Amino acid sequence: MSAPVSTVVTGDATSLGYDPSTVGRSDHAEDGQVLPGDWEIVVGLEVHAELATETKMFSPARNHFGGEPNTHVHPVCLGLPGTLPVVNGKAVELSAKIGLALNCTVQRCIFARKNYFYPDMPKDYQISQYEEPLNVDGFLSLPSGSTVRIERAHMEEDTGKSTHMGESGRIHDAGYSLVDYNRAGVPLIEIVSHPDLRGPEQAKEYVEELRAILVAIGASDGKMEEGSLRVDANVSIRPAGSDELRTRCEVKNVNSLRSLGRAIAHEAKRHLALYEAGERPMQETRHWDEEGGKTHPGRSKEEAEDYRYFPDPDLVPIEPSPEWIEELRASLPVLPQQRRAALVAAGADAKAADLALDRGLDGLALAAVDAGADAERVFTHVANNLAVDGAESLDAGHFADLVKLESDGSLSATQAKQVLAEMVSSGKAPADIAADLGFEAMDTSELATMLDAIIADHPDEWQRFCEGEGKLQGVFVGQMMKATKGQADGKVVNQLLMERKNSA
Amino acid sequence: MSDTPTSGGGHAHTPDPALDTASGIAAAVRAGDRSAEEVFRAHHERVLAHTEADVDLNVFNTLTADEGLAAARALDARIAAGDDPGRLAGVPIALKDNLCTRGVETTCSSKILQGWVPPYDATVVERLEGAGAIVMGKTNLDEFAMGSSTENSAFGPTRNPHDPERVPGGSSGGSAAAVAAGYVPLSLGSDTGGSIRQPAALCGVVGVKPSYGSVSRYGLIAFASSLDQIGPFTHTVADAALSLSVIGGHDPADSTSIRSAFPPVLQHLEDGIEGLRVGVIGELSGDSALEGFEPEVLARTTAAADALAGAGAKVETVSVPSTVAGLSAYYMIAPAEASSNLARYDGVRYGHREDGVNTRAMMAASRTAGFGEEVKRRIMLGTYALSAGYWDAFYGRAQRVRTVMIREFDEVYANFDLLLSPTSPCVAFPLGEKSDPMTMYLNDVCTIPSNLTGQPAISVPFGTDDGGLPIGVQILAPYGGEVDLFRAARALEDLAP
Amino acid sequence: MESDPASQTDDGGAGLTRDDVAKVAELALLELTDADLDRFTDQLGAVLQRAEELAAFDIADVPRTLHPQPLHNVYRPDVVIELTEDQREEVLANAPAEESGRFKVPPALGEEP
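Chains as they are written, first to last, in our numbering: chain Y, 1 to 504; chain X, 1001 to 1497; chain R, 2001 to 2113.
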């Protein structure tokens, strides 16, 4: 559900909180290749996320996935006559936090009834928000640089689930359905974006970033495959460079990021084919068929949809006080976007930053850099050597110490990797582990003596190296590694080699 | 325990203050002077006596005599053990059949809910039973509380104890008749547009619609959520005050429930009316009254105003013009909310089911067979009032007019403590007389404003017409003004002929 | 919202047509006979016609009243209360049709909106 909105972007970066020129920008080369160059894809997403509360939105029954049918229920979420909804305060808190994380205005809001008959919905209306939602007018900055404006993020309740039971040997419609209300009334937030996405890749990036935020603030577990995060895509296309909004189709039943990308690409191509044939797409809901790789029309829109929204008279308005909002804002954890920025500022490139975030090691990496460890080595370890369980509980001081030992040549890269693995499993200090493993730091003077011996053994090569044949450096380093059985720090060896060359 | 007819051929019961009031019974049972069982049996015998004498007023949808007797005995055992039996110890009560009772069928007098046995108790039922009251049964009503005569019941009309050929009013006609016939000294009804006060007036008993939110709606099967309130029927104003002190006050299960206890009505009951400023609503009284008011009703209201003035109140006539449009606003808002509240009766989880080739067909067939004419009419009206093209023209506008009414009443209450009017434009009318829906709707003109404004109002019996049919007078108060409301009602009760 | 109910051609009162009533019956999931449609068109029309008196109020800047009392921020603690096993049985016993703890209905047609 989304109310009509204006797509005009006005104002400047300071009042908006983002740079308007980053809205509706395409950042992914692949997105530009779905359609011919004179067309562009326009996507707006409606993301439903189940909130991580103990109880349901308006009923004290347990909010829990699965379970014996009709056990996580209460007269309220069964919609029994005479029952009344009462708002779960925790759900409001989580929803407002989501709004704040998405730079929304958190405002006075009311609940509305959306009326339609459906056996999965115990009251035959859904309590949602319509005219006055909790969160409006936010935005989400994507890692690749563009901005997606958030129209609204409102609270509502989930439906139950019915299972069709076929009866063999009968006509197509035979059989019956069984309804379970365990999921009925589970709190949802629906996050509605403006049509600011320009293709499958950007849509996937948006959902990934949104999911990371929901998980970071503990508002939802964000599991798309289990249905706790559900995405509907409003897809249309238009001539490139135009700002018109053409007829869109709402694509549902997209159960993974991959499906989301495929569904958008397919739907865009379907629209293109229609326009090229001189036809027009019809505004409708379509369902993604993962196996067939295409969308097909859902319920016919011939029967007029008239949800007869009106304010729910059983519920009273929510009026967030400025103090409460500030309290919530202060309680927000550092969000993925800010964490990414901090990593980049500390010296990580974009890929290393993403890896650190994905592995939840950004805090460790930043603390190690803060403690004076070499950033490049820190992010190299995070990327290559810490994709293991337990890495996140590594002591940042120990990690910094390890990188320092490596930097000053006390440990070679190979040794450091071994010590690091041991640090993760044992939690001991790197110096102790190195000693246990017999990684005695090789004295520089000892190395120098060995190098002098090697130079003496290879006078011709040394002569040519000194005259500028740079590739021979490798020969000397290789000989040193051979002599020290790999224990020498390559950096120190190179340093010694250059010293000898300069004084030759 | 014999009936003392108050009008020709009637079966109304003239109460004995000690034996037939909730306060009197509770005092006697608490003191050990009477057992709860003895009281319950005596009241149950009145029900049986009528039935055996072929006087079937059709008051109860379900009698819970066995459960009641068991509960009475259990209460007596607790008293014997020295426990506090509660403020309504041993008081037999009747509940309108739209109040949920665990283990006892709750039907709303509708075929669509016939056979439904709630797995939970309404908050008011818990509170009454917690205070020692004993449930005699569930009373008849206009289906889903939609009506003013209790003729719209799937189980046949309830008859007025004062004249069985006449209606008891509605929609809480069963609960009003239960008290008037002496079956119980206290019953509960629900009032969405007058459904407690109007039958109270027509049956000659006291009926109260308290301030919206002051009694929990949890377990009251909704008609129109922003208008519905539960309230009592009693013989005396003091009993009404006592029962509201028990059932009223905050309930966390109802989001629209007041945050405090019920106003201290019992403490101020005998404070008198000296100095209270009472406005008689001009549009509903005397020569300026709208069309359709019976002269004797207007005369009794004038007499009540005069009596209050004689007892020391400052009485003046005051105009409240929006009162008139209240009816129209009500007949947009109440059906709109009802159309949504009654969507859940779809044959899936409970209640009546008809066969259908698919879910939607089953739902439509079940609703079509399960709902009666008046309920369908209001669902249709409400669905229309909410539908896309007409939302603002009908429902939206009615909600704004509601605001206008609240402001207008607030302005009037700047100069008055209370308002006075008839409760109903007419006395109990013969069964079947008002068959046209609009004619029936007009019957609610005096009572509807209080539901729209959320303000409290009480109907107090104040004499009869020439034929002996009861006439009630309504006192209205500002929101939360129950203390003054009950002071005045208590005084008026003593001034009644 | 844009349509003025008073300006339409009459079947019942207030411009209510028989087609309107049929459409509303569809929305309300009620099956009406031809006679029902005729009767309801007249009766609902009469109520709507009377409701035109509401147009006389100056409501331009008047907010809607959702509740007679101005409560807000009414919350429930996030603490679990579920049906007891007995209550669950009572709930299922009320079901017109039930199978293995679930409510049984004829096959659904169409999708959730």
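Even for Gly, the Cβ is constructed at its ideal location relative to N, Cα and C.
All values derive from a computational prediction rather than experimental measurement.
Around the beta carbon of N502 of chain Y, fewer than 16 other beta carbons lie within 10 angstroms, which makes this residue exposed.
Residues of the region 1398-1417 of chain X whose Cβ lies closer than 7 Å to any Cβ of chain R, in chain order: A1398, Q1399, R1400, V1401, R1402, T1403, V1404, I1406. Going by C-alpha positions, Q283 of chain Y is about 11 Å away from H271 of chain Y. Remark: fewer than three beta-carbon pairs, one from each stretch, lie closer than 8 Å, so the region 1223-1230 of chain X and the region 1465-1481 of chain X are not flagged as touching. Put simply, the CB of V2079 of chain R is far from chain X, with every gap to its CB atoms at 7 Å or more. Under the three-state reduction of DSSP, E2031 of chain R is assigned to coil, being neither helix nor strand.
The residue from Y:A371, Y:L405, Y:A368, Y:A421 with its alpha-carbon nearest to that of A391 of chain Y is Y:A421. Residues of the region 1428-1455 of chain X whose Cβ lies closer than 9 Å to any Cβ of chain R, in chain order: D1436, P1437, M1438, Y1441, N1451, L1452, T1453, G1454, Q1455. D180 of chain Y is not a Cβ neighbour of R2039 of chain R, given a cutoff of 7 Å. Proximity to N2094 of chain R across X:D1355, X:F1429, X:I1247, X:Y1345 peaks at X:Y1345, based on C-alpha coordinates.
The shortest CA-to-CA distance from L1269 of chain X to any of X:L1242, X:S1260, X:Y1183, X:G1286 is the one to X:L1242. No Cβ-Cβ contact shorter than 7 Å links A1180 of chain X with G1147 of chain X. Rounded to whole angstroms, the gap between the alpha carbons of F379 of chain Y and A400 of chain Y is 12 Å.
Listed along chain X, no residue sits closer than 7 Å to E2082 of chain R by beta-carbon distance, the nearest being about 12 Å off.
Looking at the DSSP output, E50 of chain Y sits in a beta bridge with Y:L188.
About 7 Å separates the Cβ atoms of L1227 of chain X and G1193 of chain X, confirming a contact at the 8 Å cut-off. Shown here, A1081 of chain X sits in coil according to DSSP, grouped into three states, outside any helix or strand. Note on geometry: alpha-carbon atoms of S146 of chain Y and Y307 of chain Y lie some 35 Å from one another.
At a beta-carbon threshold of 7 Å, none of the residues of chain R lie near T1107 of chain X; the nearest stands roughly 12 Å away.
In this structure, V419 of chain Y places its C-beta atom within 7 Å of the C-beta atom of A434 of chain Y.
Neighbourhood of Y176 of chain Y in chain R, by CB distance below 7 Å: K2104, V2105, P2106, P2107, in chain order. Inside the region 1058-1107 of chain X, DSSP marks whole beta strand (DSSP E) runs of 3 or more residues at positions 1060-1063, 1092-1096, from first to last along the chain. M1405 of chain X has no beta-bridge partner at all, per DSSP. Taking all protein chains shown into account, D370 of chain Y has fewer than 16 neighbouring C-beta atoms within 10 Å of its C-beta and is therefore exposed. Three or more Cβ pairs closer than 8 Å define a contact, and the region 1130-1141 of chain X falls short of that threshold against the region 484-501 of chain Y. Burial is judged here by how many other beta carbons sit within 10 angstroms of a residue's own beta carbon; H266 of chain Y has at least 16 and is buried.
Less than 7 Å divides the Cβ of A1072 of chain X from the Cβ of I1134 of chain X.
The region 134-142 of chain Y and the region 202-217 of chain Y touch, with three or more beta-carbon pairs separated by less than 8 Å. By the rule that beta-carbons nearer than 7 Å mark a contact, N253 of chain Y does not touch chain R. For the region 1186-1220 of chain X, the set of residues with a beta-carbon nearer than 8 Å to any beta-carbon of chain Y comprises R1217, Y1218, G1219, L1220, in chain order. Along the region 179-190 of chain Y, going in chain order, the ones with a CB nearer than 9 Å to a CB of chain X are V179, Y181. Going by beta carbons, L134 of chain Y and S95 of chain Y fall inside the 7 Å limit. The continuous stretches of beta strand (DSSP E) do not include K97 of chain Y, which lies in the alpha helix (DSSP H) extending over residues 89-101. Along the region 219-270 of chain Y, the beta strand (DSSP E) occurs as fully enclosed runs of 3 or more residues at 229-239, 249-254, listed in sequence order. With 16 or more other Cβ atoms from the protein chains shown falling within 10 Å of its own Cβ, E151 of chain Y counts as buried. With a threshold of 7 Å between beta carbons, D158 of chain Y makes no contact with chain X.
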